[in-house]
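Visitor:
Protein chains: 2
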Amino acid sequence: MPQIHISVDICDTIYLRDPLETVLGRKMIKHAVILLHEIGFEEFNFKKLAIRMGSTEASVYRYFENKYKLLAYLVAWYWDFMHFMILMDTRNIPDKREKLYRMVDTLVNSLKTAPVPEYIDHEKLHMIVVENASKVYHTKQVDRLQKEGFYTNFKKLVKRISDAIRDIDPDYMYPVALATNIVDASLNNEYYIEHLPSLTDVPEDAQVNAKTETSKMIRYLLDRALVRNG
Amino acid sequence: MPQIHISVDICDTIYLRDPLETVLGRKMIKHAVILLHEIGFEEFNFKKLAIRMGSTEASVYRYFENKYKLLAYLVAWYWDFMHFMILMDTRNIPDKREKLYRMVDTLVNSLKTAPVPEYIDHEKLHMIVVENASKVYHTKQVDRLQKEGFYTNFKKLVKRISDAIRDIDPDYMYPVALATNIVDASLNNEYYIEHLPSLTDVPEDAQVNAKTETSKMIRYLLDRALVRNG
DNA sequence: TAATTATAATAGTTTTACTATCATTGCAAA
DNA sequence: TTTGCAATGATAGTAAAACTATTATAATTA
Chain A
1 MPQIHISVDI CDTIYLRDPL ETVLGRKMIK HAVILLHEIG FEEFNFKKLA
51 IRMGSTEASV YRYFENKYKL LAYLVAWYWD FMHFMILMDT RNIPDKREKL
101 YRMVDTLVNS LKTAPVPEYI DHEKLHMIVV ENASKVYHTK QVDRLQKEGF
151 YTNFKKLVKR ISDAIRDIDP DYMYPVALAT NIVDASLNNE YYIEHLPSLT
201 DVPEDAQVNA KTETSKMIRY LLDRALVRNG
Chain B
1001 MPQIHISVDI CDTIYLRDPL ETVLGRKMIK HAVILLHEIG FEEFNFKKLA
1051 IRMGSTEASV YRYFENKYKL LAYLVAWYWD FMHFMILMDT RNIPDKREKL
1101 YRMVDTLVNS LKTAPVPEYI DHEKLHMIVV ENASKVYHTK QVDRLQKEGF
1151 YTNFKKLVKR ISDAIRDIDP DYMYPVALAT NIVDASLNNE YYIEHLPSLT
1201 DVPEDAQVNA KTETSKMIRY LLDRALVRNG
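In the order they appear, the protein sequences are chains A and B.
For the first sequence, the positions run 1 to 230 when the numbering used here is used.
For the second sequence, the positions run 1001 to 1230 when the numbering used here is used.
#1: Quick check on Lys1156 of chain B: does DSSP put it in helix, strand or coil?
#2: Check the Cβ of Thr1200 of chain B against every Cβ in chain A and list those closer than 9 Å, keeping chain order.
#3: Can you grab the Cα-Cα spacing for the pair Pro175 of chain A / Asp1223 of chain B, in whole Å?
#4: Say whether chain A places a C-beta atom closer than 8 Å to the C-beta of Gln1146 of chain B.
#5: Is the beta carbon of Glu1190 of chain B sitting closer than 8 Å to the one on Lys1211 of chain B?
#6: Can you give me the C-alpha to C-alpha distance between Val208 of chain A and Leu1107 of chain B, rounded to a whole angstrom?
#7: Which first and last residues belong to the alpha helix (DSSP H) in which Gly54 of chain A is found?
#8: Among the residues of its own chain, which have a CB less than 8 Å from the CB of Val33 of chain A, if the five just before and after it don't count?
#9: How many angstroms separate the CA atom of Glu42 of chain A from the CA atom of Tyr1068 of chain B?
#10: Would you please verify whether the beta carbon of Ile39 of chain A is less than 8 Å from any beta carbon of chain B?
#11: Check whether the Cβ of Asp1143 of chain B lies closer than 8 Å to any Cβ atom in chain A.
#12: Is Met88 of chain A closer than 8 Å to Leu157 of chain A when the C-beta atoms are compared?
#13: Classify Thr1056 of chain B as buried or exposed, calling it buried when 16 or more other Cβ atoms lie within 10 Å of its own Cβ.
#14: Does DSSP put Met1217 of chain B in a helix, a strand or coil?
#15: Between Met1217 of chain B and chain A, is the shortest Cβ-Cβ distance under 8 Å, so that the two count as touching?
#16: With a CB to CB cut of under 7 Å and the five nearest residues on each side skipped, what residues in its chain are close to Trp77 of chain A?
#17: Which of the residues in the segment 63 to 94 of chain A, read from start to end, lie with their CB under 7 Å from any CB of chain B?
#18: Give the range of the alpha helix (DSSP H) segment to which Ala133 of chain A is assigned.
#19: Who are the near neighbours of Lys99 of chain A in its chain, counting only those whose CB is closer than 7 Å to its CB and skipping five residues on each side?
#20: Going by the beta-carbon positions, is the gap between Asp143 of chain A and His1037 of chain B smaller than 8 Å?
#21: Go ahead and label Pro2 of chain A buried or exposed: buried means 16 or more other beta carbons lie within 10 angstroms of its beta carbon, across all protein chains shown.
#22: My output table needs one value for Asp1171 of chain B: the three-state DSSP class, helix, strand or coil.
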């Protein structure tokens, strides 16, 4: 197997130093993912991260201004990576509808073939994004962050999906909102199935695969929403 | 005009003392709404609230354990109130589809006739919910909070909307997920139009009414998703 | 009027968030 | 090989946030 290098593209105002360029930085990212997954964003802080990775608080602060930016970095990394994955997974699919469905499958992360670097646990990062992505978007600083390019990776991904929607049904009036909506829903529905099942259609005690169910639900919605044209 | 009293129903593990039962408590809620709207949840704390309302930090702590619970309280209040509003606004609408559409209108808060108590600025509370509701749902303590009944008001609202969906199209396979989805989307889309327009279908510089646009977009989606049957 | 309760005023503790300083390490250019 | 320099570690410190405790006083209630 050839070693695969993915160079993710992340806006450089998110970090003070690019963590992916140093050994310590990659270690930081690795343990940030583990720790965030373990204790959640509210309990997470740089002191705990420093202890966990065997470094010091001061060193962490040399890479990121604060924990919000670290989270923003991980989320940006995730979306850039998912964008890449969607490109890979949907190549050579001639059927437009099948192509969009495959995008959804990639989104809910039911495909396990991600060529993810060893320092990132992709499943954990996925859960971190599910639980915390909205904290990056819903902040009073949204307009400033937007100008600084914090959200470009997510926007690119949404653009890609909305193009696929337009391909299927050029008359659909709100392709971008629908794309945003299914990305949001694919994250949330999986979370709700696990934690708040009464917000979904699976019975309380049913043993279902949250990813598969979510994928089916989104496909169903798209199937209804988009008019067949060949 | 008769004085209208709404008694909202909020799970009693959210607070230490019910703020709506005392003058100080109502003052607390009033200024919490103003201050949260002004500076956002991250910058908000009990010291600032105490100063703003002319009381002390200790007094605030007698009502709420911490700022997360205060936020949870406001969100629970909001959903219970919205549930009530949806009941009011959709009475005597015979057409099932029109009834669901009206629910969406009420959700995006385009109806301005809310009989809201004087100590709550409804438009500000709406924005607080848009910006912060996900912070109440996406936390590591979700399972405990769920057991304590933090989310029952939201669940009741979703139930009501999913029933309306089922009324229109009994064959729709995921009425609850769709209901959850349109509630989420109605909050988010309005926010995106204002702050991240490239996640929506409105052009960057377009001067549109975010609420009206959102309502139209959701109606359109529902119109496509739900099969006509009379 | 006495007892109870709510609040204000004050003062504290602990934790988090962040900054500063300086010694040490490793590596690269001279 | 030495010199210089950037990265890190070790340590210490400040400021604010997140809470807790104590007491005095005002307002209610019995």
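Built from N, CA and C at the ideal position, the CB exists for glycine as well.
As the structure is a computational prediction, the values presented were derived from the model and not from experiment.
Guide: Here's the rundown:
#1: helix
#2: Tyr174, Val176, Ala177, Thr180
#3: 15 Å
#4: yes
#5: yes
#6: 31 Å
#7: Neither: Gly54 of chain A is in no alpha helix (DSSP H) and is coded neither H nor E.
#8: Leu74, Ile120, Asp121, Lys124, Leu125, Ile128
#9: 10 Å
#10: yes
#11: yes
#12: no
#13: exposed
#14: helix
#15: yes
#16: Val8, Ile10
#17: none
#18: 122 to 137
#19: Thr90, Ile93, Ala164
#20: no
#21: A caution first: Pro2 of chain A carries a pLDDT of 45, below 50, which makes its placement in the model too unreliable to give a value.
#22: coil
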